[in-house]
Amino acid sequence: MIALLFSILSSTMIFVVFKLFSRFKINTFQALTFNYVTACICGIILQEDSIKFSDVPHFEWFPFALGLGGLFILVFNLMAITTQRSGLSVVSVATKMSVVIPILFGLLYYKESLGLFKIIGIILALVAVYLASIKTKEGIKIKLSNFIFPVLVFLGSGTIDTTIKYLEGEFIAKSDIPIFSATIYAMAGLIGFGILIFQLVKGSFTFEFKNLVGGIALGIPNYFSVYFLVEALRSNILESSGVFTVNNVAIVMTSTILGILLFKEKLLRKNWIGIGLAVLSILFIALEKW
């Protein structure tokens, strides 16, 4: 339970930092690149067992970690494109609705239980995510020509969570969680710096110190969001389908509440309904376990 709670809190802190990015006009891509470096350093520092860097490529999970690092950058850029073309609400819904992919994976691959309470909880969670994420009265409007981008965000986000679950269950020793996470972020950081170098050569790169500070502020909760998610998946508190559902819906719920308290955001009636359904979904999934 503690690991799941800290995963939710870490992911919620990511939301808070991103909100501050817009307030302080921080270059998001630069900060994101520095964030990956920070998260990588966190993983190296917290690795208890002594590991030579030359040994890391020999771990079974290594190619998967590299792929995840590349996918992190790709999904972020897809999210940026989707935000520009269809709005932030569309990105939020696509990202959080992607929880159905790891849920289905857990149910089909690991033959996890699917009782009445869990079914109700999952359905309520998906409805809650949608209602809490839509910040306009009109709801979601997507041009047909732009529809592919939220679909790719949905698939990419779901693939990341599913791959982490698969690797956690098949390849990663408990003592290797920090170095596994560090490898993912190292790959994402290398790709990010490659893009920044390309921008520098083109003459479109302008560095500001606040972007580095923003990256550090983002990198710490970003690292722990993955670290504690893996720890939560390894606990016996819930099956993976329950962990992903509770994790996602609780992040949406707490992020929405923090938006009210810290940023004076005003919610529509459907947002409040979404928060209420989020609480109910967590209760139903908990009842399935006990």
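In case it helps, the working numbering puts the sequence shown at residues 1 to 290.
All C-beta atoms, glycine included, are put in the ideal place defined by N, C-alpha and C.
Enumerated in chain order, which unbroken segments of the alpha helix (DSSP H) with a length of 4 residues or greater are wholly contained in the region 140-182? 148-170
So, helix, strand or coil for Thr95, using DSSP? Working through the sequence shown from its first residue, we reach residue 95 at position 95. Thr95 falls in the helix class under three-state DSSP.
Beta-carbon contacts of Ile122 that lie in its chain and below 6 Å, excluding the five residues immediately before and after: Residue mapping note: residue 122 aligns to position 122 of the sequence shown, counting from 1. Thr245.
Using the Cα positions of Phe171 and Gly203, report the straight-line distance between them to the nearest angstrom. By one-based count along the sequence shown, residue 171 stands at place 171. By one-based count along the sequence shown, residue 203 stands at place 203. Phe171 and Gly203: Cα-Cα distance of roughly 43 Å.
When we look at the beta-carbon of Ser133 and count the other beta-carbons within 10 Å, is it buried (16 or more) or exposed? Working through the sequence shown from its first residue, we reach residue 133 at position 133. Counting Cβ neighbours within 10 Å, Ser133 comes out buried, since at least 16 surround it.
Among the residues of its own chain, which have a CB less than 7 Å from the CB of Ile73, if the five just before and after it don't count? Taking the sequence shown and counting its residues from 1, the one referred to as residue 73 is at position 73. Cβ neighbours of Ile73 beyond the five flanking positions: Ala188, Ile191 and Gly192.
Do the region 26-35 and the region 148-164 make contact, defined as three or more Cβ pairs closer than 8 Å? no
With a threshold of 8 Å, are at least 3 pairs of Cβ atoms found where one atom belongs to the region 219-236 and the other to the region 164-180? yes
For Lys137, I'd like the list of residues in its chain whose CB is within less than 7 Å of its CB, leaving aside the five on either flank, ordered along the chain. Numbered from 1 along the sequence shown, position 137 holds the residue referred to as residue 137. The residues are Leu268.
What ranges does the alpha helix (DSSP H) occupy inside the region 196-247, keeping only unbroken runs of at least 4 residues that lie completely in it? 209-234
Phe59 versus Ile184 - alpha carbon distance: Here residue 59 corresponds to residue number 59 of the sequence shown, with the count starting at 1. Here residue 184 corresponds to residue number 184 of the sequence shown, with the count starting at 1. When rounded, the distance between both Cα atoms is 13 Å.
Taking 8 Å as the limit between beta carbons, can you name the residues of its chain near Leu106, skipping five residues before and five after? In the sequence shown, residue 106 corresponds to position 106, counting from 1. With the sequence shown as reference, residue 106 is identified as Gly, and Leu is not the correct amino acid for it. Here the set comprises Glu112, Lys165, Glu239, Ser240, Ser241 and Phe244.
Does the separation of the CB atoms of Thr159 and Phe64 fall below 8 Å? Here residue 159 is taken as the residue at index 159 of the sequence shown, counted from 1. Here residue 64 is taken as the residue at index 64 of the sequence shown, counted from 1. No, the pair does not count as a contact, with Cβ atoms beyond the cut-off.
Going by other Cβ atoms of all chains shown within 10 Å of its Cβ, with 16 needed for buried, is Trp272 buried or exposed? Within the sequence shown, the letter at position 272 stands for residue 272. Classification for Trp272: exposed.
Tell me which same chain residues have a C-beta within less than 7 Å of the C-beta of Asn146, skipping the five on either side of it? Here residue 146 refers to the residue found at position 146 of the sequence shown. If we look at Asn146 and ignore the five residues flanking it on each side, its Cβ neighbours are Arg85 and Ser86.
Cutoff 6 Å; reference Leu212; Cβ partners in own chain excluding five residues on either side: Position 212 of the sequence shown, counting from 1, holds the residue named residue 212. Answer for Leu212: Phe34, listed in chain order.
Would Phe205 and Gln199 qualify as a contact pair, given that the criterion is a beta-carbon distance under 8 Å? In the sequence shown, the residue the question calls residue 205 occupies position 205. In the sequence shown, the residue the question calls residue 199 occupies position 199. Cβ atoms of Phe205 and Gln199: closer than 8 Å.
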